[in-house]
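> My structure is below; once you've seen it, I'll send some questions.
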Amino acid sequence: MAQSKPDYNIFGDLVKHELRSNQADQFSSDYKNTFCYQLFTILNLSIESVNLCKDFVNFFTLLNTEYNDAATTSASNKYPEFLNFWLNRQFQARNISSNDKASIFQILNTNYHEFGAERKLNDKISIIDETYFNKLNLLYELYKIHNSLKSGIRESCANFIKHFKVNYTSAWKKCFTENDDQFCSALDGFQKLYENSRNSMLTVCSKEGLFFLPQLVPPQSSEKAGGGTENIGNHLILSKINNSTVGLSKITSIKYPKLYELLSLQYSFLLVYYEDEKRCYMMKILREFFLYCNEHRGIYNLLLFYKEFFREFYTKNKVEYDQIYNYCSSSTDIPPKEYCTDYLYCKKELGKHLSTIKDIEEKHFDNETEALHWLISDNASDSIILQLGKDNNILSNITPILVGTTAGGLLILFFLYKFSPFGSWLHKKILKNEETFYNFDEENNQYLCENNSELETNNSNNRKIHIYYNPA
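In this text, residue positions in the sequence shown follow my numbering: the first is -17, and each later residue adds one.
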């Protein structure tokens, strides 16, 4: 029977547990674990399965003895849960098949009385769902590294950064991408434990140094505090269509990997451990954001997404962005640093975007100035687009009234003309006027024809020109 969700807070006594685990294969309790041979003799499982069953019985016996007379604490009460995690972890380490797992669980559950585990392990030993097991394993690795450093093992420092980054970053991401508050709470507990013991561990890793861990910010719910709507960025990565995303395409992890990751973490900056690494990440986010804006230029909702990105992420990192711009603008490094390569690309290919975000201020969003309206303009008439886009624009307010009034007037005139006496009267009036104009034109034409001959006669009589000359 698979667990729905495990207890994540089971590593408080990991040092003791690890010690007893190492002793389990050397501890002899054959009189208690003889039932394990049924896996081989009756079920035809491997000797490895038999050995795992025996180690489990030995491990339980050691832990039960360790905590039997100890004062009851939160950590001491969790050893059955840790034992279950240990068993599931051994399945992977020893390559036990799924069918063999089920058989081992069945043998253990039906033989608790053989090693005095009825009251301790009932309903505690089961297959852990892979999703939850992976989270437990991340916490286990973090506590294991922490305990090694705290115990003064100098060799751990060299591997600390490498292993810690992999496990803590992966665990940190899961708090934002998976709905599991208990796991986030357990990870937050580890972060506090690390910070409390960091100074003492620095003496062990004085050369390499130990970094601070950022405070774990719990993921926001789908609804913002105060009943507000969900982030536009979250809608864009989930391809949700609403009034704020119409016209904008989905942001995918393939086309925009860093921007996608930032939005999936609800604008929480990913944990990084070195300055150059952080700057590379920041510039890749900005470059992908500019490319997305460029692709969707001319769509009004882009302005809403731009505002959100600026307020939720850019302003919080503006000081460091300015440092990147200043450094890369004057740097003579050959080859240039990776984040400078992205900066130079943005400056050359996306210069308008870069100059805009450098100079934009919060007041520009509130005043709806022209600073950002080139984003939603497909042509050079930015001033026209600006005027049409303003919320308080007079024309935009009265346009519906003008259109409605005109359409209504035309409709009324049409019905009057087609279905009322007024239409018949108007029709006759128009025909009468047309007839009058026609007769008038005909009379004029007749007049011209009748008088044309007279004109011609007069012209013929006057064809001779007499010139009088009076000589002096």
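Don't be surprised by glycine CBs; every beta carbon is placed ideally from N, CA and C.
Could you pull out every unbroken alpha helix (DSSP H) segment of at least 4 residues lying fully inside the stretch 251 to 299, listed in chain order?
Taking only runs of at least 4 residues, the alpha helix (DSSP H) segments lying wholly in the stretch 251 to 299 are 257 to 277 and 283 to 291.
> Hey, residue 241 and residue 263 are a contact pair by Cβ (cut 8 Å); roughly how many whole angstroms apart?
Here residue 241 refers to the residue found at position 259 of the sequence shown. Here residue 263 refers to the residue found at position 281 of the sequence shown. The pair is not a contact, with the Cβ atoms about 11 Å apart (cut-off 8 Å).
> If we call anything under 8 Å between Cβ atoms a contact, is residue 340 one with residue 258?
Here residue 340 refers to the residue found at position 358 when the sequence shown is read from its first residue. Here residue 258 refers to the residue found at position 276 when the sequence shown is read from its first residue. No, they are not a contact pair.
> Thinking C-beta only, is residue 142 closer than 8 Å to residue 127?
Residue 127 sits at position 145 when you count from the first residue of the sequence shown. Residue 142 sits at position 160 when you count from the first residue of the sequence shown. Contact flag set, yes.
> With distances taken Cα to Cα, identify the nearest neighbour of residue 289 among 224, 251, 358 and -9.
Within the sequence shown, residue 289 is the residue found at index 307, counting from 1. Checking every option, the nearest Cα to that of residue 289 belongs to 358.
> Roughly how many angstroms lie between the CA atoms of residue 342 and residue 300, to the nearest whole one?
Along the sequence shown, read from residue 1 onward, the residue named residue 342 stands at position 360. Along the sequence shown, read from residue 1 onward, the residue named residue 300 stands at position 318. In a straight line, the C-alpha of residue 342 is about 11 Å away from that of residue 300.
> Taking one C-beta from the stretch -7 to 7 and one from the stretch 16 to 24 each time, how about it: are there three or more such pairs within less than 8 Å?
Short answer: they don't touch.
> What does a CB cutoff of less than 6 Å around residue 91 pick up in its chain, not counting 5 residues either side in sequence?
In the sequence shown, counting from the first residue as 1, residue 91 sits at position 109. Excluding sequence neighbours, residue 91 sits near nothing in its chain.
> Under three-state DSSP, which class holds residue 9?
Walking along the sequence shown from the start, residue 9 turns up at place 27. Coil at residue 9, not helix or strand.
> With contact counted as at least three CB pairs below 8 Å, one residue from each stretch, are the stretch 159 to 174 and the stretch 214 to 227 in contact?
They do not touch, by the three-pair rule.
> Taking the straight line between their C-alpha atoms, what separation do you get for residue 328 and residue 6?
Here the question's residue 328 lines up with position 346 in the sequence shown. Here the question's residue 6 lines up with position 24 in the sequence shown. About 60 Å.
> How about residue 283 and residue 229: are their beta carbons less than 8 Å apart?
Working through the sequence shown from its first residue, we reach residue 283 at position 301. Working through the sequence shown from its first residue, we reach residue 229 at position 247. Cβ atoms of residue 283 and residue 229: closer than 8 Å.
> Got a sec, what are the start and stop residues for the alpha helix (DSSP H) residue 32 sits in?
Translated into positions along the sequence shown, residue 32 becomes position 50. That run of the alpha helix (DSSP H) goes 29 to 50.
> Residue ranges of each alpha helix (DSSP H) run of no fewer than 4 residues wholly in the stretch 122 to 153, ordered along the chain?
Listed in chain order, nothing qualifies, since the stretch 122 to 153 has no complete alpha helix (DSSP H) run of 4 or more residues.
> Quick one, which of 324, 14 and 334 has its alpha-carbon nearest residue 97's?
As a working note, residue 97 is residue 115 in the sequence shown. Answer by Cα proximity: 14.
> Hey, is residue 134's beta-carbon within less than 8 Å of any beta-carbon in chain D?
Looking at the structure shown, chain D is missing, and only one protein chain is on hand.
> Would you identify the three-state DSSP class for residue 160, choosing helix, strand or coil?
As a first step, residue 160 must be located in the sequence shown, where it is residue number 178. Coil.
> Could you round the C-beta distance between residue -12 and residue 118 to whole angstroms and report it? I think they count as a contact, below 8 Å.
Here residue -12 refers to the residue found at position 6 of the sequence shown. Here residue 118 refers to the residue found at position 136 of the sequence shown. The Cβ separation is near 6 Å, so the contact holds.
> Using only CA atoms, which one of 286, 187 and 35 lies nearest to residue 133?
For the purposes of this step, residue 133 is identified with residue 151 of the sequence shown, where counting begins at 1. It is 187.
> With a 10 Å radius around its C-beta and 16 neighbouring C-beta atoms as the bar for buried, classify residue 161 as buried or exposed.
What you label residue 161 is simply residue 179 of the sequence shown in a count that begins at 1. It is exposed - the Cβ of residue 161 has fewer than 16 other Cβ atoms within 10 Å.
> Would the beta-carbon of residue 146 fall within 8 Å of that of residue 246?
Taking the sequence shown and counting its residues from 1, the one referred to as residue 146 is at position 164. Taking the sequence shown and counting its residues from 1, the one referred to as residue 246 is at position 264. No; because the gap between Cβ atoms is not below 8 Å, this pair is not in contact.
> Pick helix, strand or coil for residue -13, following the three-state DSSP scheme.
Position 5 of the sequence shown holds residue -13. Of the three classes helix, strand and coil, the one that applies to residue -13 here is coil, per DSSP.
> Give me the Cα-Cα distance between residue 388 and residue 293, rounded to the nearest whole angstrom.
Your numbering for residue 388 matches position 406 in the sequence shown. Your numbering for residue 293 matches position 311 in the sequence shown. Each residue's Cα considered, the two are about 43 Å apart.
> Here's a check: name, in chain order, each residue in its chain whose Cβ is nearer than 8 Å to the Cβ of residue 122, leaving out the five neighbours to either side.
Along the sequence shown, one-based indexing puts residue 122 at 140. Only -7, -4, 67 and 71 meet the Cβ criterion.
> Just reading off the alpha helix (DSSP H) that residue 245 is part of, what are its end residues?
Translated into the one-based positions of the sequence shown, residue 245 becomes position 263. Counting along the chain, the alpha helix (DSSP H) containing residue 245 begins and ends at 239 to 246.
> Excluding the five sequence neighbours on either side, which residues of its own chain have a C-beta within less than 6 Å of the C-beta of residue 60, listed in chain order?
Translated into positions along the sequence shown, residue 60 becomes position 78. The residues are -8.
> Taking only three categories from DSSP, how would you classify residue 343?
Within the sequence shown, residue 343 is the residue found at index 361, counting from 1. Here residue 343 sits in coil by DSSP.
> Nearest to residue 334 by CA position, among 103, 184, 309 and 269, is which residue?
Here residue 334 refers to the residue found at position 352 when the sequence shown is read from its first residue. When each option's Cα is compared against that of residue 334, the closest is 269.
> Between which two residues does the alpha helix (DSSP H) containing residue 217 stretch?
On the sequence shown, position 235 is the one that residue 217 refers to. Unbroken alpha helix (DSSP H) run through residue 217: 214 to 220.
> How many angstroms separate the CA atom of residue 85 from the CA atom of residue 78?
Along the sequence shown, one-based indexing puts residue 85 at 103. Along the sequence shown, one-based indexing puts residue 78 at 96. Rounded to the nearest angstrom, the two C-alpha atoms are 11 Å apart.
> When the Cα of residue 89 is compared with those of 50, 39, 243 and 124, which residue comes out closest?
The sequence position of residue 89 within the sequence shown is 107, counting from 1. Looking at the Cα atoms, 39 is the closest of the given residues.
> Could you give the first and the last residue of the continuous alpha helix (DSSP H) run that contains residue 63?
The sequence position of residue 63 within the sequence shown is 81, counting from 1. Element bounds for residue 63: 61 to 75.
> Note down the Cα distance separating residue 94 from residue 1, rounded to an integer number of angstroms.
The sequence position of residue 94 within the sequence shown is 112, counting from 1. The sequence position of residue 1 within the sequence shown is 19, counting from 1. Between residue 94 and residue 1, the C-alpha separation is close to 23 Å.
> Does the separation of the CB atoms of residue 152 and residue 124 fall below 8 Å?
On the sequence shown, residue 152 is found 170 positions in, with the first residue counted as 1. On the sequence shown, residue 124 is found 142 positions in, with the first residue counted as 1. No.
> Let me confirm a value: residue 442 is counted as buried when at least 16 other C-beta atoms fall within 10 Å, else exposed. Which label applies?
As a position in the sequence shown, residue 442 is number 460, starting the count at 1. Bear in mind that the predicted position of residue 442 carries a pLDDT of just 47, short of 50, making it too unreliable to give a figure here.
> Determine the extent of the alpha helix (DSSP H) in which residue 84 is found, giving its start and end residues.
Here residue 84 refers to the residue found at position 102 when the sequence shown is read from its first residue. Residues 80 to 91.
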